[in-house]
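Student: Below are the structure tokens for one structure; questions will follow.
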Amino acid sequence: MEILIRNKVIEAIKTLYGQDVDENQVQVQTTRKEFTGDKTVVVFPFLRFSKKSAEQTAEEIGNILVNTIEVLSEFNIVKGFLNLVIDKGYWINQFNTAAAEEKYGFKAPDEQSELVMIEYSSPNTNKPLHLGHIRNNLLGYSVSEIMKANGNKVVKTNIVNDRGIHICKSMLAWKRLGNGETPESSGKKGDHLVGEYYVKFDQLYKKEIADLIAGGLSEEAAKEQAPIINEAREMLRLWEANDAATRDLWQRMNRWVYTGFDETYKTLGVNFDKIYYESDTYTVGRDEVLRGVKEGIFEQMDDSSVWANLENDGLDRKILLRSDGTSVYMTQDIGTAKIRYSDFPIDHMIYVVGNEQIYHFQVLSLLLDKLGYKWGKDLYHFSYGMVELPQGRMKSREGTVVDADDLVAGMVDVARKVSEELGKLDNYTNEEKERIYRMVALGALKYFILKVDPKKTMLFNPEESIDFNGNTGPFIQYTYARIQSVLRKAADAGIEISTHTPEIELNDKESALIKILVTFPEVVKEAGQNHSPALVANFVYELVKEFNQFYHDFTIMNEPDVEIRKFRLLLAKTIGQTIKNGFLLLGIEVPERM
RNA sequence: GGCCCAAUAGCUCAAUUGGAUAGAGCAACAGCCUUCUAAGCUGUAGGUUUCUGGUUCGAUCCCAGAUUGGGUCACCA
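Heads up: the first sequence begins at 249 in the working numbering, then just goes up one per residue.
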């Protein structure tokens, strides 16, 4: 519709003033609520063609539009804004289209669809997931769903950083202090158990540093020479040298972590199509780096460490292999990228990784390019903002980290408490109740995180639990449940819901609802272009807010006019469907009752 | 210090990517359940969009500078 108007405006200006205007000079937007009309054309940019007043220009263009666009019957002018009124029939038509499709707004993939690979989550296996990972996982999953809804083929992938100095730290501490403790023996979740030893390592390390400083060493030297850190380094070297005992312990502890992660992923409702492990990919990366050395792309120093010099590209020097031959993060990422492109015909590669790694991905992109991979430059770093606490950034060493499992469990408790107070689920079984508590708790958490612009830093206050009223997930879930309740009542009463609405008179709320509803396909598209679940969240909220007003002001079941009642039922059903579909894109479930 | 990013109501976030009188929720206050689920609805109050300039018909949005906060510049990931 907007495109049609835009083209007609261009034609109008051509006939009126004999000038060609550029397409993006014509602004067509939805009319603001406080004015009458549906679409608004801003005429200010055309004044230099018309050489007339804004009102006159708008009048002239408006007359032509009304004559050339069938569904346009009237217009009004406020200053330089030409407000166009679109016929009711058009909206009813649009609504019927929306009502007829279960997946309204979604585009199904076909043979020509592009393949988008999305990497997200990508945890280290030395500690459990925290709030920062939650934002990553929710964004990654949601963006994947949004890309699918835009007709792409999507491969969700996870690169598990299961190797490196950080894992060795946990292993070392466990060896020293663990006394053979296992998840089974202690009843602790595996990832939490391993995480505890990571913290213990840090404590031992700090103590050694303090002792060395007391003995007269500088802080820098102390950090470098502490026996325990050297032992960890030696462990990493042994690991890369395939030392059997080291590998055994590593495998054992990683397995504990995976069991724990799987549980967390399951509660979060995220999943992956293809999982890569750094322990498999880093050697490919190392070979690539060594090839780079041979081809003169990278340089090897006397101590045999390997560097990339990116100073000509405006960046720094970057290490790719340590002097003891072990690999770093970047080495692995090179290998992983290569393997992925040979495994899949990737058209777009999206890395969901925090904005603290912007520099890392600039470098990675450049390195891949230098290694001769034409897709190196194409990788897209979906860089999202951090989650901050009122005190600032989360710091694992200071114990301010909000653990993912604890957070979810806490949310479920709150949901249970609220729900029990309201007592609406009293005739449900305990399993059904628990299922809904979880659904609501996760709805609150996910919506809270996904409704904010991914690029922005966001704040989470653990002191105040996430709200269930207002602009929240549960509010939207509640509206959905209400709609289902009405639909159940209709079904019980044997009232059939029409599948097609004739041209009836609409009240203000009804037409407002339809006008919001039919923007959904555009919202899905924009959310895909901008990689922004927040756009979907905002849309659903707007829709639901409007629906609740409608629900309050008008009755559905008690409407005496049969035609109108049938229409309202269909409207409610379609809105319910759209809420569900929108939330599907966010990875949030909706309950039939709550 | 170099580079990058942000700053909107007391708090958490929006603002159709340069358009009309900057909107929601929370918190505060005042109302609405004999009626399809009150996790709802209505109203009141709350703003020099950090500051100073510039660009233009028009700036929260673009440019320059300043202030504040954050990130990053590792043989960490």
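Virtual Cβ for every residue (Gly too), placed ideally from N, Cα, C. No experiment lies behind these values; they were computed from the predicted model shown.
(1) From the DSSP output, in three-state form, read off D674 for me.
(2) State the start and end residues of the unbroken beta strand (DSSP E) segment that holds T405.
(3) In angstroms with no decimal places, state the Cα-to-Cα distance between G353 and G544.
(4) Have a look at Y530, L698, F520 and flag the residue whose alpha-carbon is nearest the alpha-carbon of I587.
(5) With 16 as the cutoff for other CB atoms within 10 Å, does M805 come out buried or exposed?
(6) Quick one, are the C-beta atoms of F329 and D439 less than 7 angstroms apart?
(7) I need the straight-line Cα distance from L420 to A652, nearest angstrom please.
(8) Pull up the distance between the alpha-carbon of Y894 and that of A775, whole angstroms please.
(9) Once the 5 residues before and after G602 are set aside, which same chain residues still bring their CB inside 8 angstroms of it?
(10) Starting from T316 and walking both ways along the alpha helix (DSSP H), at which residues does that stretch end?
(11) Which partner residues does K287 have in the DSSP bridge list?
(12) Does E259 come out as helix, strand or coil in the three-state DSSP assignment?
(13) Buried or exposed: S433, going by 16 or more other Cβ atoms within 10 Å of its Cβ?
(14) If you reduce the DSSP assignment to three classes, tell me which class I545 lands in.
(15) In angstroms with no decimal places, state the Cα-to-Cα distance between N344 and E751.
(16) I need the straight-line Cα distance from F708 to A474, nearest angstrom please.
(17) Have a look at I251 and V257 and give me their C-alpha separation to the nearest angstrom.
(18) Can you give the Cα-Cα distance for I745 and L818, rounded to whole angstroms?
(19) Just to confirm my understanding: we take Y789, look at its own chain, exclude 5 residues before and 5 after, and list those with CB closer than 7 angstroms. What are they?
(20) Bridge partners of M597, per DSSP?
(21) Report yes if the CB atom of G285 is closer than 7 angstroms to the CB atom of T279, and no otherwise.
(22) So the beta strand (DSSP E) A556 belongs to, where does it begin and stop?
(23) Output needed for I476: all residues of its chain with C-beta closer than 6 angstroms, excluding positions within five of it in sequence on either side, in chain order.
(24) Would you call the CB atoms of T494 and G533 closer than 7 angstroms?
(25) Are the CB atoms of S571 and S553 nearer to each other than 7 angstroms?
(26) Which whole-angstrom value is the C-beta distance of N272 and T373, which I expect to be below 8 angstroms?
(27) Would P593 be called buried (16 or more neighbouring beta carbons within 10 Å of its own) or exposed?
(28) Nearest to N796 by CA position, among T747, K773, E807, Y728, is which residue?
(29) Grouping DSSP H, G and I as helix and E and B as strand, with all else coil, what is E794?
(30) What are the start and end residues of each continuous beta strand (DSSP E) run of 3 or more residues lying completely inside the segment 669-725, in chain order?
(31) Where does L497 fall in DSSP's three states?
(32) Could you say if the segment 815-832 and the segment 761-771 meet the contact criterion of at least three C-beta pairs nearer than 8 angstroms?
(33) Mapping DSSP to helix, strand and coil, what is G640?
(34) Counting C-beta neighbours from all protein chains within 10 Å, is the total for P808 16 or more, i.e. buried, or is it exposed?
(35) For E488, which residues from the same chain have a beta carbon less than 6 angstroms from its beta carbon, with the 5 sequence-adjacent residues on both sides left out?
Tutor: According to the structure shown:
(1) The residue you call residue 674 lines up with position 426 of the first sequence. Secondary structure at D674: coil, using DSSP grouped into helix, strand and coil.
(2) To locate residue 405, count along the first sequence from 1; it is residue 157. Its beta strand (DSSP E) spans residues 401-408.
(3) Counting from 1 along the first sequence, the entry for residue 353 is found at position 105. Counting from 1 along the first sequence, the entry for residue 544 is found at position 296. When rounded, the distance between both Cα atoms is 51 angstroms.
(4) Stepping through the first sequence from its first residue, residue 587 is reached at position 339. When each option's Cα is compared against that of I587, the closest is Y530.
(5) Residue 805 sits at position 557 when you count from the first residue of the first sequence. Counting C-beta atoms within 10 angstroms of its own C-beta, M805 has fewer than 16 neighbours from the protein chains shown and is therefore classed as exposed.
(6) Here residue 329 refers to the residue found at position 81 when the first sequence is read from its first residue. Here residue 439 refers to the residue found at position 191 when the first sequence is read from its first residue. No, they are not a contact pair.
(7) Indexing the first sequence from 1 puts residue 420 at position 172. Indexing the first sequence from 1 puts residue 652 at position 404. Roughly 25 angstroms between the two C-alpha positions.
(8) Residue 894 is absent from the model: the chain starts at 249 and stops at 842.
(9) Your numbering for residue 602 matches position 354 in the first sequence. Within the same chain, G602 has close Cβ partners G380, N384, S631, Y632, G633, M634.
(10) The count along the first sequence starts at 1 and reaches residue 316 at position 68. Here the alpha helix (DSSP H) through T316 covers 302-316.
(11) As a first step, residue 287 is located in the first sequence; it is residue number 39 there, counting from the start. Looking at the DSSP assignment, K287 forms a beta bridge with T278, L332.
(12) On the first sequence, position 11 is the one that residue 259 refers to. Reduced to three states, the DSSP call for E259 is helix.
(13) On the first sequence, position 185 is the one that residue 433 refers to. By the 16-neighbour rule on beta-carbons within 10 angstroms, S433 is exposed.
(14) Locating residue 545 in the first sequence gives position 297, counting from the first residue. Of the three classes helix, strand and coil, the one that applies to I545 here is coil, per DSSP.
(15) Taking the first sequence and counting its residues from 1, the one referred to as residue 344 is at position 96. Taking the first sequence and counting its residues from 1, the one referred to as residue 751 is at position 503. Distance between the alpha carbons of N344 and E751 is about 10 angstroms.
(16) On the first sequence, position 460 is the one that residue 708 refers to. On the first sequence, position 226 is the one that residue 474 refers to. Between F708 and A474, the alpha-carbon positions lie close to 37 angstroms from each other.
(17) Within the first sequence, the letter at position 3 stands for residue 251. Within the first sequence, the letter at position 9 stands for residue 257. Whole-angstrom Cα-Cα distance: 10 angstroms.
(18) Within the first sequence, residue 745 is the residue found at index 497, counting from 1. Within the first sequence, residue 818 is the residue found at index 570, counting from 1. Cα to Cα, the separation comes out at about 6 angstroms.
(19) As a first step, residue 789 must be located in the first sequence, where it is residue number 541. N719, I724, listed in sequence order.
(20) Residue 597 sits at position 349 when you count from the first residue of the first sequence. DSSP output for M597 lists M365 as bridge partner(s).
(21) Start at 1 with the first residue of the first sequence, and residue 285 comes out as number 37. Start at 1 with the first residue of the first sequence, and residue 279 comes out as number 31. Result yes, Cβ atoms of G285 and T279 sit closer than 7 angstroms.
(22) Numbered from its first residue, the first sequence carries residue 556 at position 308. Counting along the chain, the beta strand (DSSP E) containing A556 begins and ends at 554-557.
(23) Along the first sequence, read from residue 1 onward, the residue named residue 476 stands at position 228. The residues are L452, Y453, E456.
(24) In the first sequence, the residue the question calls residue 494 occupies position 246. In the first sequence, the residue the question calls residue 533 occupies position 285. Contact flag unset, no.
(25) Here the question's residue 571 lines up with position 323 in the first sequence. Here the question's residue 553 lines up with position 305 in the first sequence. In contact: S571 and S553 (Cβ atoms closer than 7 angstroms).
(26) Locating residue 272 in the first sequence gives position 24, counting from the first residue. Locating residue 373 in the first sequence gives position 125, counting from the first residue. N272 to T373, Cβ: 49 angstroms. No contact.
(27) By 1-based counting over the first sequence, the position of residue 593 is 345. The residue in question, P593, is exposed, as its Cβ has fewer than 16 Cβ neighbours within 10 Å.
(28) Here the question's residue 796 lines up with position 548 in the first sequence. The residue with the shortest Cα to Cα distance from N796 is Y728.
(29) Translated into the one-based positions of the first sequence, residue 794 becomes position 546. In this structure, E794 counts as helix in the three-state DSSP scheme.
(30) none
(31) Residue numbering aside, residue 497 sits at position 249 when the first sequence is read from its first letter. DSSP places L497 in helix when its eight states are reduced to three.
(32) yes
(33) Stepping through the first sequence from its first residue, residue 640 is reached at position 392. In this structure, G640 counts as strand in the three-state DSSP scheme.
(34) Your numbering for residue 808 matches position 560 in the first sequence. Burial is judged here by how many other beta carbons sit within 10 angstroms of a residue's own beta carbon; P808 has fewer than 16 and is exposed.
(35) By one-based count along the first sequence, residue 488 stands at place 240. Answer for E488: T574, listed in chain order.
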